[in-house]
Amino acid sequence: MTKPLRLNPDRLFPADNDTRQIARELYANIRDLPILSPHGHTDPSWFAENEAFSNPAALLIQPDHYVYRMLYSQGIALEDLGLKPAPGSSDRPVEEDPRKIWHIFAENYHLFAGTPTRMWHDHVYSEIFELDVELTAETADLYYDQIAECLSRDEFRPRALFDRFGIETIATTEDPLDPLDHHRQLKADGWGKKVITAFRPDNVCDPEYEGFADNIAALGKLTGEDVTVWSGYLNALRNRRAFFAEHGATSTDHGHPTAFTSNLSQDDTATLFERVRHGKANAQDSELFRGQMLTEMAKMSQADGLTMQIHPGSFRNHNATLFKQYGRDCGADIPMETGYVRQLQPLLDAVGNDPDLTIILFTLDETSYSRELAPLAGHYPALKLGPSWWFHDSPEGMRRFREQVTETAGFYNTVGFNDDTRAFLSIPARHDVARRMDCGFLARLVAEHRMDRDEAHQIAADLTYNLAKKAYRL
Amino acid sequence: MTKPLRLNPDRLFPADNDTRQIARELYANIRDLPILSPHGHTDPSWFAENEAFSNPAALLIQPDHYVYRMLYSQGIALEDLGLKPAPGSSDRPVEEDPRKIWHIFAENYHLFAGTPTRMWHDHVYSEIFELDVELTAETADLYYDQIAECLSRDEFRPRALFDRFGIETIATTEDPLDPLDHHRQLKADGWGKKVITAFRPDNVCDPEYEGFADNIAALGKLTGEDVTVWSGYLNALRNRRAFFAEHGATSTDHGHPTAFTSNLSQDDTATLFERVRHGKANAQDSELFRGQMLTEMAKMSQADGLTMQIHPGSFRNHNATLFKQYGRDCGADIPMETGYVRQLQPLLDAVGNDPDLTIILFTLDETSYSRELAPLAGHYPALKLGPSWWFHDSPEGMRRFREQVTETAGFYNTVGFNDDTRAFLSIPARHDVARRMDCGFLARLVAEHRMDRDEAHQIAADLTYNLAKKAYRL
Amino acid sequence: MTKPLRLNPDRLFPADNDTRQIARELYANIRDLPILSPHGHTDPSWFAENEAFSNPAALLIQPDHYVYRMLYSQGIALEDLGLKPAPGSSDRPVEEDPRKIWHIFAENYHLFAGTPTRMWHDHVYSEIFELDVELTAETADLYYDQIAECLSRDEFRPRALFDRFGIETIATTEDPLDPLDHHRQLKADGWGKKVITAFRPDNVCDPEYEGFADNIAALGKLTGEDVTVWSGYLNALRNRRAFFAEHGATSTDHGHPTAFTSNLSQDDTATLFERVRHGKANAQDSELFRGQMLTEMAKMSQADGLTMQIHPGSFRNHNATLFKQYGRDCGADIPMETGYVRQLQPLLDAVGNDPDLTIILFTLDETSYSRELAPLAGHYPALKLGPSWWFHDSPEGMRRFREQVTETAGFYNTVGFNDDTRAFLSIPARHDVARRMDCGFLARLVAEHRMDRDEAHQIAADLTYNLAKKAYRL
């Protein structure tokens, strides 16, 4: 017995009738605003080459770590989902048939009840692939066939979907060693304002990154700078930032384990760089160097105008067994307690009072919203708060963000929504969830007579579009 | 002027009418499911010997630390509640008259307004003792007499109440030195599947436990193993786990100050055990040993199939004065900040990828729900999350648990409800609160069109019965 | 186009109609109870001298750090708001025209949308100055003129406003070196029960306070005690506590960076005091000394009956640049993670079981509400919880406080509301917000059948008036 799949037009709005009516009105006004996606991880080759996506599993399951981490947590092997471990690291055969992989997903779709993954996927199925029954073991083949058929059509190629989704600008994320070939091609094609890059230098700024020494060497080769000395290393980074800016970048991004920063003398830093460059850094040196590089990057942002994003607080690759088999980003990153007050002080002391600089802070530690982040962003001119991130990019997570941040930092020290995804098809769904939740939050303020309706309309538009445009200089 | 006592059939459901109607429907379907109580602290002698309970104060006040901690916080001496301090540790006379103790409680019943204790007690009075006026100073005698009269009747003996409560299985908690005589008797009486034990080895695994060295010696005597060496100590524990399993145990339980784990080499552990056994362990050694024992216990669970529970994060016996007078569990345990990410990694590295193992994690630190526990349980096959615990086993606590856990871990990485109580009569009330709160949470998801009604019905049944049955292998 | 300014009579009540109706009834009963303001920072000279307030900017913008921190966060220089930096510390001219400052505020009033500052200010404009259009750039002059005109009238002088606000008692805060001249004058005028002082000894108890050594010397001179020895220092403090009590003080207040306490032997403390007094204390010594002084102060409270308040957890003067320019309290204090369990144990071990002592704990770290503070206050007879503080003195902050504290500590281990403000005109607004939020919280409990209506009425009155009166011995 199949059940209909139907996205309710009131989904995610508060249940109270009067409040819901206000949310509807607010949402109606901003629903169709263009999508700005200033931070994410889509693959620029999709838009540059505009090849058709290959199959439903490769498109919707294998790249989505929200999906496979949940399946894995319930005992389903990654090999059964077609994920290929490093050679020799696993005896289990890898499933090669995307239809079989799709069936496993369908049979376990109930696991996602109450999660954002469920909402995003239902949105994709209903709105993009026009499926009208729910995904279950029984409808798995129907789904597979209908999605596969769609993917064979031109209107489901990346650029067609991009336009259909109403995306105005999307930023991908590349490291400094990336030649940005796809972005060059996109620029040549007239898509240079639609798909831009962002500068993510972790692999040349974090001494504990795999291949750090080789990365530094490659950076020297690429820029012609003498990266064996501190000043040359900085110049090489400036050089690549300029190169990225030419390819559309308006922002940098920094994924550090903590929010620790430092502001050493240039002599001390040069000495530290020597240790780091020769692989003689201990854990404390590495943390100190990462912290120093945040401050250096902030100072470069003052010079070149790139907005700076800091994404701290993830314990990467927690599952050692999976890391050996699958490497980074295999779904075993776990948030950690993250402090900001003492940690950010050196950086803020250096640049925090500059109103022309924009530093966007994220957190995976919700306890910092009301205790640290809102008070900091509600004071320092350079600081803004990024939206609820990763595990917290969910209806309840978004609600907590607004409830815990707004009263101290207001709305105008925040920067709108980031989808932060590599799951391209889920982008409209994710923005829609954010728009609905923001309208629901504002509707409650209106219903409780804490804000008037006109002001709520203006703020809804700001949260959806204007704040991102301004903060990311789009 | 007495006020009527009436449990409203809609209690704890959301106030919004549409949402409430959904909650009612969900609850109607699961209200009468049997009670599984897989973790708690009732006394097995009650069910083995089936003696009548003695008096209202001894049944409802003196064993309930929720009750006496609140009264104590408002200046009422524990002696006045009939709690007996160690000889010579207090000059204050101990009240011996249960009726007088009952009066103190009644006069202070307003202190419990807004607390779960108030809801549990009102439920007991109304549903079990059929009292229909509120408890106040004026009705104290009426209460005392009516409860005392009930307790004298056969239908208020433990086994009759057990059946009347609809309990299918209850687990008590015993330490490895316990001979399990009552469980043997229960087995002989045909109650062996109704009342089972659980293996709680803190007193032989924690070097800081009172009497640790003597406990180890007793463990050796009981099992015939040579507990002066590491391998013999482990064998002795295996032996007692098997003994507990014969008496119905399907789980172990570990109440550690932190969630720290280690996975040392067997040589290093043997050396550490030597230090520990001779009382030469410092605080760091003790923590290391406890952490190692969690990993050892997890490995034994892989072998013998017992589900493992970890209850970390309580600062025990915070009030030194009361600890001297009353010993453990006198109401002065205070939760502490508790980290899981680094702490559990050694254990998870050893056993976390095993889908046939079940480790149930609890916390007293709600900040870990969305930041650490849900991401961990949403990834590792062996991990599941226990329900909101102790101070958080309350309507708001349950709501926070679901709101902060579900979006990342889903429902199926949780294990249903635990009452965790020694207050036998409150068990139906506690389960009823959990059922109502879960139905209210699901009703909100339905009302906000985040879940359909059929799915909510299925999940309500899973949260009430099926998940506990599976996780605890009942 | 100007919009009307109208305070909705239902503001802040829950949106659900039935719940709102209950909130209305509860609020109607307590709305007009007198204001007790047992902790705050108004200037006693206002009430002693009863001079007219000078101008709208000086009254409503310059002393309100909530206002200027938000404006500063959005790039507005403090000099432009008329705040005067230390001579030579800034090149930027200081705006001297209060009307121009008012215009900047008006143009940026939208920044405060969704913040408590917005609600407080609108309340002041509507209820005190009878303005009936919203504050915008267009209405800035209208506002300025009307407020300025009001301030010139006798009924807007401090004492007239005090009475109009229905304040029964207000406590200011003074340090031990203060001669309390204004309080003496107030006493002479018959206002000695209306305006009382509170004893805040941070400047003579915290070795890291600016001018500590000089302050100690001044304390010696003032009291005639030999403050070069530990016993004389303690006597000097006892002496000043008595002097403050004579001038109405019923409480002390302690603003420490952490909640750390110690209970050293008097010999060890005397030695520590020697180091501290000679400026030889390192950071650890200073923390130890502050911790010891909390215990000493608690013991003095046992002797003299002053209620003790502890306000820990603020990182003071985070912005070094602004601190150099503007000194303390310039809007750059940031909350920090704050632990209470181990930290308070020495103090609680010494005095926590004394039911005749009242220690009121505050926090800026909301994570401690359910994890540490409610369990501690729900156990120790001497402990009570202060209301949600500073950044959390807001509708959502108050809601979180009640939701996270009540189930474990109940209502009767809390102490009612503190406005904690130097913004005199906002006091009725702040108390009104607290009353509305408490009634809304109680209304939800009633609507969800977790409390009956009579009990909610009683508790509403207790939270509004009775608990503060009792805890602060007013």
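So the sequences go chain by chain: A, H and U.
Going by UniProt numbering, the residue at position 135 of the first sequence is 135; the numbering climbs one at a time, nothing skipped.
Going by UniProt numbering, the residue at position 158 of the second sequence is 158; the numbering climbs one at a time, nothing skipped.
Going by UniProt numbering, the residue at position 208 of the third sequence is 208; the numbering climbs one at a time, nothing skipped.
Beta carbons: idealized from backbone N, C-alpha and C, even for Gly.
Return the CA-CA distance between U/Ala15 and A/Asp18, expressed in angstroms with no decimal places.
On the third sequence, position 15 is the one that residue 15 of chain U refers to. On the first sequence, position 18 is the one that residue 18 of chain A refers to. Cα to Cα, the separation comes out at about 8 Å.
Looking at H/Arg157 and H/Ala52, is the spacing between their C-beta atoms short of 8 Å?
Position 52 of the second sequence, counting from 1, holds the residue named residue 52 of chain H. Position 157 of the second sequence, counting from 1, holds the residue named residue 157 of chain H. In contact: H/Ala52 and H/Arg157 (Cβ atoms closer than 8 Å).
Selected residue, minimal CA-CA separation from U/Leu5, among U/Asp122, U/Ile216, U/Ala443
The residue you call residue 5 of chain U lines up with position 5 of the third sequence. Closest by alpha carbon: U/Asp122.
Quick one: measure Cβ to Cβ for H/Leu36 and H/Lys469, integer angstroms, because I've assumed they're closer than 8 Å.
The sequence position of residue 36 of chain H within the second sequence is 36, counting from 1. The sequence position of residue 469 of chain H within the second sequence is 469, counting from 1. That pair is a contact at about 6 Å.
Mind listing the chain A neighbours of H/Gly410? Cutoff is C-beta to C-beta under 7 Å, in chain order.
Counting from one through the second sequence, the residue named residue 410 of chain H turns up at place 410. Near H/Gly410 (Cβ distances below 7 Å), the residues of chain A are Met70, Leu111, Phe112, Ala113, Gly114, Thr115.
Looking at chain U, which residues of the segment 45-79 of chain H have a Cβ within less than 7 Å of any of its Cβ atoms?
Arg69, Met70, Tyr72, Ser73, Gln74, Gly75
Which residue marks the beginning of the beta strand (DSSP E) containing U/Lys384, and which one marks its end?
In the third sequence, residue 384 of chain U corresponds to position 384, counting from 1. Per DSSP, U/Lys384 belongs to the beta strand (DSSP E) from 383-385.
If you draw a straight line from the alpha carbon of A/Gly192 to that of H/Arg435, how long is it in whole angstroms?
As a first step, residue 192 of chain A is located in the first sequence; it is residue number 192 there, counting from the start. As a first step, residue 435 of chain H is located in the second sequence; it is residue number 435 there, counting from the start. Going from the Cα of A/Gly192 to the Cα of H/Arg435 covers about 55 Å.
Roughly how many angstroms lie between the CA atoms of U/Ala447 and H/Leu12, to the nearest whole one?
Here residue 447 of chain U corresponds to residue number 447 of the third sequence, with the count starting at 1. Here residue 12 of chain H corresponds to residue number 12 of the second sequence, with the count starting at 1. Using only the alpha carbons, I get a separation of about 9 Å.
Looking at chain H, is there any beta carbon in it that lies within less than 8 Å of the beta carbon of U/Gln345?
Locating residue 345 of chain U in the third sequence gives position 345, counting from the first residue. Yes, its Cβ sits closer than 8 Å to a Cβ of chain H.
Does chain A have any CB closer than 8 Å to the CB of H/Ala447?
Sequence index remark: in the second sequence, residue 447 of chain H carries index 447 (1-based). Interface with chain A (8 Å Cβ-Cβ cutoff): H/Ala447 is included.
Residues, ordered as in the chain, of the segment 309-327 of chain A that lie near chain H by beta-carbon distance below 9 Å
Gly313, Phe315, His318, Asn319, Ala320, Thr321, Leu322
Please list, in chain order, all residues of the same chain as H/Leu7 whose beta carbon is under 8 Å from its beta carbon, the five residues on each side excluded.
Within the second sequence, residue 7 of chain H is the residue found at index 7, counting from 1. Counting only Cβ-Cβ distances below 8 Å, and skipping sequence neighbours, we find Asp122, His123, Ser126, Glu127.
Going by other Cβ atoms of all chains shown within 10 Å of its Cβ, with 16 needed for buried, is H/Lys384 buried or exposed?
Translated into the one-based positions of the second sequence, residue 384 of chain H becomes position 384. Label assigned to H/Lys384: buried.
Range of the contiguous alpha helix (DSSP H) that encloses U/Ala460:
For the purposes of this step, residue 460 of chain U is taken as the residue at position 460 of the third sequence. Run containing U/Ala460: 453-461, per the alpha helix (DSSP H) assignment.
Evaluate the contact criterion for the segment 319-330 of chain A versus the segment 223-242 of chain A: three or more CB pairs, one atom per stretch, below 8 Å.
By the Cβ rule, the segment 319-330 of chain A does not count as touching the segment 223-242 of chain A, because fewer than three pairs are nearer than 8 Å.
Counted within 10 angstroms of its Cβ, other Cβ atoms place U/Arg153 as buried (16 or more) or exposed
For this step, residue 153 of chain U is matched to residue 153 along the third sequence. So U/Arg153 ends up on the exposed side.
Any idea if H/Pro98 is buried or exposed, counting beta-carbon neighbours within 10 angstroms, 16 or more meaning buried?
The sequence position of residue 98 of chain H within the second sequence is 98, counting from 1. Per the 10 Å Cβ criterion, buried.
Between the CA atoms of U/Thr117 and A/Asp438 - distance to the nearest angstrom:
For the purposes of this step, residue 438 of chain A is identified with residue 438 of the first sequence, where counting begins at 1. For the purposes of this step, residue 117 of chain U is identified with residue 117 of the third sequence, where counting begins at 1. Cα to Cα, the separation comes out at about 21 Å.
Can you tell me which of U/Asp80, U/Phe289, U/Phe260, U/Ala283 puts its alpha carbon nearest to the alpha carbon of U/Thr271?
For the purposes of this step, residue 271 of chain U is taken as residue 271 along the third sequence, with counting starting at 1. Per the Cα distances, U/Phe289.
Beta carbon proximity, H/Pro85 to chain C, threshold 8 Å
Looking for chain C here will not work: the only protein chains present are A, H and U.
Nearest by alpha-carbon distance to A/Ile22: which of A/Ala456, A/Tyr472, A/Asp419 is it?
Here residue 22 of chain A refers to the residue found at position 22 when the first sequence is read from its first residue. It is A/Ala456.
contact_flag[the segment 400-407 of chain U, the segment 387-404 of chain H] where n(CB pairs < 8 Å) is 3 or more
yes
Who pairs with A/Ser314 in a beta bridge, going by DSSP?
To locate residue 314 of chain A, count along the first sequence from 1; it is residue 314. Answer is A/Pro335.
From H/Gly224, H/Glu246, H/Ala213, residue whose alpha carbon lies closest to that of H/Phe199
Numbered from 1 along the second sequence, position 199 holds the residue referred to as residue 199 of chain H. Selected option, being the one with the closest Cα: H/Glu246.
Proximity to H/His254 [Cα-Cα], best of H/Arg20, H/Gly40, H/Leu26:
Against the second sequence, residue 254 of chain H aligns to sequence position 254. Answer by Cα proximity: H/Gly40.
Contact criterion: CB-CB distance below 8 Å. Does A/Met336 meet it with respect to chain H?
Here residue 336 of chain A corresponds to residue number 336 of the first sequence, with the count starting at 1. Chain H, which has a Cβ nearer than 8 Å to the Cβ of A/Met336, makes this yes.
One question on the structure: do A/Leu361 and A/Leu373 come within less than 8 Å of each other, judged by their Cβ atoms?
Locating residue 361 of chain A in the first sequence gives position 361, where the first residue counts as 1. Locating residue 373 of chain A in the first sequence gives position 373, where the first residue counts as 1. Their beta carbons are under 8 Å apart, which means A/Leu361 touches A/Leu373 by this criterion.
Under the three-state DSSP convention, the category A/Asp253 falls into
Translated into the one-based positions of the first sequence, residue 253 of chain A becomes position 253. Strand, per DSSP.
List the residues that DSSP assigns as beta-bridge partners of A/Gln309.
Translated into positions along the first sequence, residue 309 of chain A becomes position 309. A/Gln309 pairs with A/Asp253, A/Ile360.
Throw me the rounded Cβ distance for the H/Pro87 and H/Ala148 pair, which I believe falls under 8 Å.
Locating residue 87 of chain H in the second sequence gives position 87, counting from the first residue. Locating residue 148 of chain H in the second sequence gives position 148, counting from the first residue. In this structure H/Pro87 does not touch H/Ala148 by the C-beta definition: roughly 30 Å separates them, more than the 8 Å allowed.
State yes or no: is the C-beta of H/Thr338 within less than 8 Å of the C-beta of H/Gly313?
Looking up residue 338 of chain H in the second sequence gives position 338. Looking up residue 313 of chain H in the second sequence gives position 313. Their beta carbons are under 8 Å apart, which means H/Thr338 touches H/Gly313 by this criterion.
is_contact[H/Phe391, chain U] using C-beta, thresh 8 Å
Taking the second sequence and counting its residues from 1, one reaches residue 391 of chain H at position 391. Judged by the 8 Å Cβ criterion, H/Phe391 is in contact with chain U.
If we ignore side chains and look at the alpha-carbon of each, how far apart do H/Asp420 and H/Gly386 end up?
As a first step, residue 420 of chain H must be located in the second sequence, where it is residue number 420. As a first step, residue 386 of chain H must be located in the second sequence, where it is residue number 386. So the alpha carbons of these two residues sit roughly 11 Å apart.
Whose Cβ in chain A lies nearer than 9 Å to the Cβ of U/Phe13?
Position 13 of the third sequence, counted from the start, is the residue given in the question as residue 13 of chain U. Per Cβ cutoff of 9 Å: Glu448, His449.
For H/Thr414, name the three-state secondary structure that DSSP assigns.
For the purposes of this step, residue 414 of chain H is taken as residue 414 along the second sequence, with counting starting at 1. Looking at H/Thr414 - three-state DSSP - the assignment turns out to be strand.
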